[in-house]
Amino acid sequence: MSVTTMLAPSTRNSAASSTSSGFVPVSRQNTITSSEGAPRSVRASKRYSVTALYLSMSAQDRDLEIEDELARVQKTLRDLKSKISSQSKKNFVLEKDVRYLDSRIALLIQNRMALEEQNEVASHFDESSEIEGGTFPNDQKTQAYGNLFYLLQSEPRHIAALCRCVSMAEIDSLLQTVMFTIYGNQYESREEHLLLTMFQSVLSAQFETTPEYSSLLRANTPVSRMMTTYTRRGPGQSYLKVVLAKQINNLIEHKDLNLEINPLKVYEQMIKNVEEDTGALPANMPRSVSAEQAAENVQVQAIIEPRLTMLMEIANTFLATIIDNLDETPYGIRWICKQIRSLTRRKYPDAKDHIICTLIGGFFFLRFLNPAIVTPRSYMLIDSVPSEHPRRTLTLIAKMLQNLANKPSYAKEPYMARLAPFVANNKMRINKFLNDLCEVGDFYESLEMDNYVALSKKDLELNITLNEVYATHALLEKHSEELLSGRDTQHLRILLEELGAAPAQVPRKENRAIDLPLFSRWEGNIDDLSAALDITQEDVYFMEAKSIFVQLLRTLPATSAAARRPLNLRKIGDTATTMKDMGMFRKGMRGLELLNQLQEMGVITDQDNFQILREEIEQELVHLGSLKEKVMEETKKLEEVYKTIRDHNAYLVSQLETYKSYLHNVRSQSEGKQRNAGKQQKQQVLGPYKFTHQQLEKEGVIQKSNVPDNRRANIFFNITSPMPGTFVISLHYKGRNRGLLELDLKLDDLLEMQQNNHDELDLEYVQFNVPKVLALLNKRFARKKNW
Amino acid sequence: MQPSRREYNIVVLGAGGVGKSCLTAQFVQNVWIESYDPTIEDSYRKVVDVDGKSCILEILDTAGTEQFKIYLKTGKYCLPYRLILEALLINGFLLVYSITSLTSFQELTPIRDAILRIKEVDDVPLVIVGNKSDLEGDRQVSKNRANHLSRKWGNVPLYESSARRRQNVDEVFFNLTRQLMKKHSGDGGAGAGSGGTAGGGRRKKGKSCIIL
Ligand SMILES: Nc1nc2c(ncn2[C@@H]2O[C@H](COP(=O)(O)OP(=O)(O)OP(=O)(O)O)[C@@H](O)[C@H]2O)c(=O)[nH]1
Ligand SMILES: [Mg+2]
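For the record, the sequence lines run as chains A and B. Numbering that gives the first Met the number 0 puts the first residue of the first sequence at 0, with every later residue one more than the last. Numbering that gives the first Met the number 0 puts the first residue of the second sequence at 0, with every later residue one more than the last.
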């Protein structure tokens, strides 16, 4: 392994990932290996990268807390990353709930849900509460599972093999555990790289078993499911937001913009309009026509013509944004594209470039971008289902992009051929883009390195729920025969045998989130890091010295005389040894000792003031200075991501609340019907709550107001809830006793309106926005337990 | 003026790459498409004459790609998102698998479950299609196995077809059309496609009005 390249990929991948992952220094007392002198230049560069490693490791040195700016921003970044990871796991789970309920509520609204199913849905709510923290029932198990999950995490091939044996029904929960827990730290290079390794192994198995490339990656398989889940992690989500959110939101604002170009549909609409306007159809306008007849109709053509231009313009802006954001595309997604390309080339050496592009496009567009364009709401790009026209436009845009990535056969829908210029004009561009996507480096070497370092980490931990542990264990057990038939599965076999039968899933209430300490049963401490890295004792001392002096300089007050340039290393060491801080004292002593040792070895000399070492330290400090900028830049970006994820979380939670209250309503109504009407519980009236016009306008509840500006200050609203699910909104004018207007609202109606994309609730003087009203009612009238 | 014909909405469902689009294109346009162009959503219209009666088929060809569908915890719902809301408007279903792919065959049951559940019926006009019958050598789903499924669902018509050789293509669509004609022969007039006439036991909708 060449040490030079070790850190390069992870720095490219994410500027600060190697510096912020909280490594612990490796013990190095007895790391003596060959001292064959390598040529100077190689050694120097080797030193540089390994020093970078040392520095990153010492970021968490317990001996000495460095408290400079860099350390602070690095810590902020680390915290942010872990918050994003855990939040996106929560959202992933919530999203599944909301999507489930979306469809259930649609049925409920149409009164199509039986009582027993209502109960089923209701029980679902009890499940979506947060899981408490806890510990494992017993220590021995903790250790055994710690060993098992260490093995699963560090040797992705076991999970890869498991992914290939499980059924489609089992894969979802497995993937949730794999992507959000086992490799849940989405911004930690080691976990990300291990996950991608697992991907690769599943992908190449797929290539092995697929007879012809035209059907590669098309069927719904564990691989496609993995891709879906993977693209839903933080980086994929924020990328979609960057490239799509603005465009899509622009589009859906134009609710009435109809860009239908299917002549049949256009004709139908035309007939409808004529009929509405004139009350009858002229004789030359039959109600239903064939596709050809519709396409030949002159009026239809006149309607379609400008729409084609517009569609191509819109599609072009989508495309331009996608291409411009090449660099924003998450590393993992690009790396998967690269794997697809190289696997195709290996398996089908004759495959033409455009065939390869089709396959890459099959992943990038078909599985990643286009689904988000067609159903942007499920990808947290917008907050409500778009109305009919924009929805159709989005589908058309997705079809156009799909045509670009794939050779279109206009035989299917002949009218799409009118958009051929878009494909012709962009074909070259897209193929170049798809190839550019693949231009990312590999990570194997840095991964190997990360793994060595991870071995020495004393605090490797996995936050995981009992049920996740048990479910994974159960799957391993169920498929053990297949899993253990592979090569090199001895360790897995031993661990599974020791663990015995997998426990059953525990009831929701007893489920706990635990911090499982991970450690290897087989590899000990890695004293042989230097052996593994092929470096000499000199190198090790040199790096340690460099690392120590950098740490000292970062800790010494900037005003200290010892920190003045040019650096005087002896003086720095001496200053440190006079300090009260034990950590500083020890570091200072060690630094001085190393200076002597290195001088004895002839690596540096007092005569030139230890020039080589000094220069590298100064360089390092400069590098660290710009590192701070980079870390801050990344932090800023990730804060944006975190905010998006949190906003989306708030939205999901409020959506769940709305559904909850609605369901509660329906159930209490049907319960009420079942019981005697007289026996009904006394309902507590909530409110009235008062809201000013200004307040509601600011919150977006009022989306349009006909009240003259100078009167608005005098308008206010009272909202009362006489019983759950029923609301009375009244509009008042200051000074008058009686309200100007009163409106009875049922939660059902609001939800139905929302489901049908009716956003406007008309109150004569003002127009309310339905989703915002729902949110407001939820916030104000949540009837604690009853909801 | 021509007499208004009856109109039926039918949907073609199934896993990715089983040949839904090829089948549909063969039926509607008489063309064979060799290339694989994954569908997002395509619609077709064709006037057909079956047993001397003429009607219009509105055919929606859907995405097999799972990312365009809604998959729920139970794995029960695997319809394209749009269909969840529009299922009530659909009169007939073609459920397509490929005889060369067992998993595509296994995807049919959840699809049918979802349809029945959403339409709240026990039975719906449907045809099972085992496509790519020309690839006998790669067969993974035996005729027996498919027959078993058809019986289990109450003797649902089952065909093995080849879009490539244009075998059993028309038969599949005609069979479904006949089922639809038979089912809707009672409720005269055009436009069976609009509304929930299909499926019978549709519950009355209790709607409380907004009083202004
Ligand atoms: N041998 C053979 N190949 C077929 C047959 N039908 C379709 N194919 C091939 O299978 C591939 C996929 O066909 P499509 O019709 O596009 O599949 P689909 O079900 O519409 O796929 P999605 O739109 O992704 O859901 C194409 O390459 C076709 O040429 C058939 O009957 N026999
Ligand atoms: Mg298709």
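Heads up, the beta-carbon is just placed ideally off N, CA and C, and yes, glycines get one too.
Look at the alpha carbon of residue i and the alpha carbon of residue j, and state the distance between them as a whole number of angstroms.
i: residue 225 of chain A; j: residue 158 of chain A; result: 12 angstroms
i: residue 420 of chain A; j: residue 412 of chain A; result: 16 angstroms
i: residue 12 of chain B; j: residue 303 of chain A; result: 29 angstroms
i: residue 417 of chain A; j: residue 307 of chain A; result: 7 angstroms
i: residue 652 of chain A; j: residue 162 of chain B; result: 47 angstroms
i: residue 730 of chain A; j: residue 741 of chain A; result: 6 angstroms
i: residue 336 of chain A; j: residue 325 of chain A; result: 13 angstroms
i: residue 207 of chain A; j: residue 479 of chain A; result: 22 angstroms
i: residue 425 of chain A; j: residue 436 of chain A; result: 16 angstroms
i: residue 747 of chain A; j: residue 739 of chain A; result: 25 angstroms
i: residue 395 of chain A; j: residue 260 of chain A; result: 9 angstroms
i: residue 363 of chain A; j: residue 165 of chain A; result: 25 angstroms
i: residue 178 of chain A; j: residue 775 of chain A; result: 35 angstroms
i: residue 368 of chain A; j: residue 279 of chain A; result: 45 angstroms
i: residue 27 of chain B; j: residue 44 of chain B; result: 8 angstroms
i: residue 565 of chain A; j: residue 247 of chain A; result: 56 angstroms
i: residue 493 of chain A; j: residue 519 of chain A; result: 13 angstroms
i: residue 483 of chain A; j: residue 188 of chain A; result: 29 angstroms
i: residue 14 of chain B; j: residue 63 of chain B; result: 4 angstroms
i: residue 320 of chain A; j: residue 255 of chain A; result: 25 angstroms
Report the neighbours of residue i on chain A: residues whose CB is nearer than 7 angstroms to its CB, in chain order.
i: residue 24 of chain B; result: 410 and 411
Name the chain A residues whose beta carbon is nearer than 9 angstroms to that of residue i?
i: residue 28 of chain B; result: 410, 411 and 413
i: residue 32 of chain B; result: 408, 410 and 411
At a CB-CB cut-off below 8 angstroms, which residues of chain B make contact with residue i?
i: residue 652 of chain A; result: Under the 8 angstroms cutoff, chain B gives no residues; its nearest Cβ is about 19 angstroms from residue 652 of chain A.
i: residue 365 of chain A; result: 37, 64 and 66
i: residue 290 of chain A; result: 43 and 44
i: residue 704 of chain A; result: Neighbours of residue 704 of chain A on chain B: none; closest Cβ ~17 angstroms, over 8 angstroms.
i: residue 227 of chain A; result: 65 and 66
List, in chain order, every chain A residue whose beta-carbon is nearer than 8 angstroms to that of residue i.
i: residue 39 of chain B; result: 369, 373, 394, 397, 398 and 401
i: residue 20 of chain B; result: 411
Counting only the same chain and skipping the five closest in sequence on each side, list residues whose C-beta sits under 7 angstroms from that of residue i.
i: residue 504 of chain A; result: 466, 469 and 470
i: residue 589 of chain A; result: 547
i: residue 18 of chain B; result: 95, 97, 130, 131 and 162
Please confirm whether any heavy atom of ligand 1 lies closer than 7 angstroms to the CB of residue i.
i: residue 36 of chain B; result: yes
i: residue 21 of chain B; result: yes
i: residue 130 of chain B; result: yes
i: residue 64 of chain B; result: yes
i: residue 16 of chain B; result: yes
i: residue 13 of chain B; result: yes
i: residue 229 of chain B; result: Outside the shown range of chain B, which is 0 to 211, sits residue 229 of chain B, and nothing can be said about it.
i: residue 134 of chain B; result: yes
i: residue 366 of chain A; result: no
i: residue 217 of chain A; result: yes
List the residues of chain B whose Cβ lies closer than 7 angstroms to the Cβ of residue i, in chain order.
i: residue 263 of chain A; result: 44
Using C-beta distances below 6 angstroms, list every residue in its chain close to residue i, excluding the 5 sequence neighbours before and after it, in chain order.
i: residue 99 of chain B; result: 131, 134, 137 and 139
i: residue 221 of chain A; result: 162 and 170
i: residue 719 of chain A; result: 686, 687 and 727
For residue i, which residues in the same chain have their Cβ closer than 8 angstroms to its Cβ, ignoring the five residues on either side in sequence?
i: residue 770 of chain A; result: 382, 383, 753 and 758
i: residue 515 of chain A; result: 135, 141, 144, 145, 148, 460, 461, 462, 463 and 468
i: residue 398 of chain A; result: 415
i: residue 647 of chain A; result: 90 and 379
So residue i packs on residue j, CB below 8 angstroms; how close in whole Å?
i: residue 236 of chain A; j: residue 379 of chain A; result: 7 angstroms
i: residue 701 of chain A; j: residue 780 of chain A; result: At roughly 19 angstroms, the Cβ-Cβ gap does not stay under 8 angstroms, so residue 701 of chain A and residue 780 of chain A are not in contact.
i: residue 175 of chain B; j: residue 124 of chain B; result: 6 angstroms
i: residue 640 of chain A; j: residue 537 of chain A; result: Actually they do not touch by this definition, with Cβ atoms about 43 angstroms apart.
Confirm the yes/no value for this check: CB of residue i, any heavy atom of ligand 2, distance under 7 angstroms.
i: residue 60 of chain B; result: yes
Any heavy atom of ligand 4 closer than 7 angstroms to the Cβ of residue i?
i: residue 162 of chain B; result: In the structure on display, ligand 4 does not appear, and the ligands it does have are ligand 1 and ligand 2.
Which chain B residues sit within Cβ distance under 9 angstroms of residue i?
i: residue 223 of chain A; result: 15, 64, 65 and 66
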